[in-house]
Amino acid sequence: MFDAYVALDWSGAAGRRYAGIAIAELGANAATPRLIRPRDRLWSRSAAIDWLAARLAGSDRVLAGIDCAFSLPGNTLPAPSLWAEIERAAAGAADFHGAAYAAADGVAPLYWTKGTMPAGWVDRHRATEQACLAQGLGAPQSPYKLIGAKQVGKGALAGMRALLHLKAQLGQRIAVWPFESLAGGSVLVEIYPRLFLRRVGHGSAKVRTRAELDRCLAALGCSRPTFRTGFDDHEADALVSAAGLRLLAGNAQSWKPTADAAILAREGWIFGVS
Numbered sequence: 000m001f002d003a004y005v006a007l008d009w010s011g012a013a014g015r016r017y018a019g020i021a022i023a024e025l026g027a028n029a030a031t032p033r034l035i036r037p038r039d040r041l042w043s044r045s046a047a048i049d050w051l052a053a054r055l056a057g058s059d060r061v062l063a064g065i066d067c068a069f070s071l072p073g074n075t076l077p078a079p080s081l082w083a084e085i086e087r088a089a090a091g092a093a094d095f096h097g098a099a100y101a102a103a104d105g106v107a108p109l110y111w112t113k114g115t116m117p118a119g120w121v122d123r124h125r126a127t128e129q130a131c132l133a134q135g136l137g138a139p140q141s142p143y144k145l146i147g148a149k150q151v152g153k154g155a156l157a158g159m160r161a162l163l164h165l166k167a168q169l170g171q172r173i174a175v176w177p178f179e180s181l182a183g184g185s186v187l188v189e190i191y192p193r194l195f196l197r198r199v200g201h202g203s204a205k206v207r208t209r210a211e212l213d214r215c216l217a218a219l220g221c222s223r224p225t226f227r228t229g230f231d232d233h234e235a236d237a238l239v240s241a242a243g244l245r246l247l248a249g250n251a252q253s254w255k256p257t258a259d260a261a262i263l264a265r266e267g268w269i270f271g272v273s
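The sequence shown: position 185 = 184 (numbering that gives the first Met the number 0), numbered continuously.
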């Protein structure tokens, strides 16, 4: 179905380069995924997206998953229109940083941006996040939560700016699922690495040892990776997600979530959630 499967573990943190970004790729017939190393010690968001854009611009048909929400709970706009709004609010912020949108008129009260939980704040979730929890595949945090170690909300805003950039650069050569029809080119999907770990029985713990990584990859149809250096949990998430993408992409049901079409168009969907 695809020539290659790419997983990008993402980060919305402030700064120039981030320990939280990792990229892995698995060929259609490859035995095991491989890590894509940055030129510098750590990836920046811009460098990661530049690498992905170059990969998607080639002749291979690639399924690429990015670990961030592609839309927001209760969004009433077509998702690409939301991405454009975020871009307008955050224009000028370096490296796809998108947190300025959280201060915009009309949306600021929805966000938890600092300190203790604001009075009256509601922990809003998209339909796909609720379905993921109900199916025992993990508990994704609300994209309206911009605090904490995971920086989920900041990652979502940065990711949506990056999606707009990729579409502007590559146009119809890529489709962003489930917002666009799949016409035979490369495809971008939203991923949640915890989903793949849950599917292979690893639970909620991070993958930290080589034995744990080997077990997870074996359960997803891959052999032991060949790299000799150590790895962190972000790199493990990328490796496992690339393997999970290849396994799930061949299942027709992965592309047919049960959600209403209007919800899919506005809120998007996590690939692998029924």
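Cβ atoms here follow ideal geometry from the backbone N, Cα and C, with glycine treated the same way.
Computed from a predicted model, the values in this text were never measured in an experiment.
Notebook entry, point to check: Helix, strand or coil for PRO185 per DSSP?
Noted result: Along the sequence shown, read from residue 1 onward, the residue named residue 185 stands at position 186. Correcting the residue identity first, residue 185 is Ser in this sequence and not Pro. Strand at SER185.
Check: If we count the other Cβ atoms within 10 Å of its Cβ and call it buried at 16 or more, is GLN171 buried or exposed?
Finding: Taking the sequence shown and counting its residues from 1, the one referred to as residue 171 is at position 172. GLN171 comes out exposed.
Note to self: Need the endpoints of the alpha helix (DSSP H) that GLY158 sits in, please.
What the structure shows: Reading the sequence shown from its first residue, position 159 is the one you call residue 158. Taken as a continuous stretch (DSSP letters only), the alpha helix (DSSP H) holding GLY158 covers 151 to 169.
Next item on the list: Along the beta strand (DSSP E) that carries ASP8, what are the first and last residues, could you check?
Entry: Within the sequence shown, residue 8 is the residue found at index 9, counting from 1. Following the DSSP letters along the chain, one finds ASP8 inside the beta strand (DSSP E) bounded by residues 3 to 8.
Note to self: Determine whether the beta carbon atoms of ALA98 and LEU7 lie at a separation below 8 Å.
What the structure shows: As a working mapping, residue 98 is identified with position 99 in the sequence shown. As a working mapping, residue 7 is identified with position 8 in the sequence shown. Not in contact: ALA98 and LEU7 (Cβ atoms no closer than 8 Å).
Notebook entry, point to check: By Cβ distance below 6 Å, which residues in the same chain neighbour ARG265 in space, the five residues on each side in sequence not counted?
Noted result: Sequence index remark: in the sequence shown, residue 265 carries index 266 (1-based). Cβ within range, chain order: ASN74.
Notebook entry, point to check: Start and end of the alpha helix (DSSP H) containing LEU25?
Noted result: Counting from 1 along the sequence shown, the entry for residue 25 is found at position 26. Note, LEU25: premise wrong, no alpha helix (DSSP H); beta strand (DSSP E) at 21 to 26.
Note to self: Short of 8 Å in beta carbon distance, which residues of its chain neighbour VAL61, apart from the five on each side in sequence? Order them along the chain.
What the structure shows: Here residue 61 is taken as the residue at index 62 of the sequence shown, counted from 1. Contacts found: PHE1, ASP2, ALA3, TYR4, VAL5, ARG54, LEU55, SER185, VAL186.
Check: Can you give the Cα-Cα distance for PRO108 and LEU25, rounded to whole angstroms?
Finding: Position 109 of the sequence shown, counted from the start, is the residue given in the question as residue 108. Position 26 of the sequence shown, counted from the start, is the residue given in the question as residue 25. Roughly 41 Å separates the two Cα atoms.
Margin query: Can you tell me whether ALA46 sits near the ligand ATP, meaning its C-beta is under 7 Å from at least one heavy atom of the ligand?
Written below: This structure lacks the ligand ATP, and indeed carries no ligand of any kind.
Check: Where does the unbroken alpha helix (DSSP H) through ILE190 begin, and where does it stop?
Finding: Position 191 of the sequence shown, counted from the first residue, corresponds to residue 190. Per DSSP, ILE190 belongs to no alpha helix (DSSP H) and is neither H nor E.
Check: In chain order, what residues of the same chain lie with their CB nearer than 6 Å to the CB of LEU216, ignoring the 5 residues before and after it?
Finding: Your numbering for residue 216 matches position 217 in the sequence shown. ALA242.
Checklist line | Run of the alpha helix (DSSP H) containing LEU216, from where it starts to where it stops | finding: Sequence index remark: in the sequence shown, residue 216 carries index 217 (1-based). From DSSP, the alpha helix (DSSP H) with LEU216 extends over 209 to 218.
Note to self: Is it buried or exposed, MET116, if we count other Cβ atoms within 10 angstroms and call 16 or more buried?
What the structure shows: Counting from 1 along the sequence shown, the entry for residue 116 is found at position 117. By the neighbour-count rule (16 or more Cβ atoms within 10 Å), MET116 is not buried but exposed.
Check: Does the beta-carbon of ASP259 have 16 or more other beta-carbons within 10 angstroms, so that it is buried, or is it exposed?
Finding: Here the question's residue 259 lines up with position 260 in the sequence shown. ASP259 comes out exposed.
Next item on the list: Please classify ASP236: is it buried, with 16 or more other beta-carbons within 10 angstroms of its beta-carbon, or exposed?
Entry: Position 237 of the sequence shown, counted from the first residue, corresponds to residue 236. ASP236 comes out buried.
Checklist line | Pick from GLY11, GLU189, MET159, GLY229 that is closest to SER80, judged by C-alpha positions | finding: Numbered from its first residue, the sequence shown carries residue 80 at position 81. Closest by alpha carbon: MET159.
Checklist line | Assigned secondary structure, LEU62 (DSSP; H/G/I helix, E/B strand, else coil) | finding: Sequence index remark: in the sequence shown, residue 62 carries index 63 (1-based). Residue state, collapsed to three classes: strand.
Check: Using a Cβ-Cβ cut-off of 7 Å (strictly less than) and excluding sequence neighbours within five positions of GLY249, which residues of its own chain qualify?
Finding: Residue numbering aside, residue 249 sits at position 250 when the sequence shown is read from its first letter. MET0, listed in sequence order.
Check: Can you pull the DSSP bridge partners for TYR110?
Finding: Against the sequence shown, residue 110 aligns to sequence position 111. DSSP, once it has assigned bridges, lists no residue as partnering TYR110.
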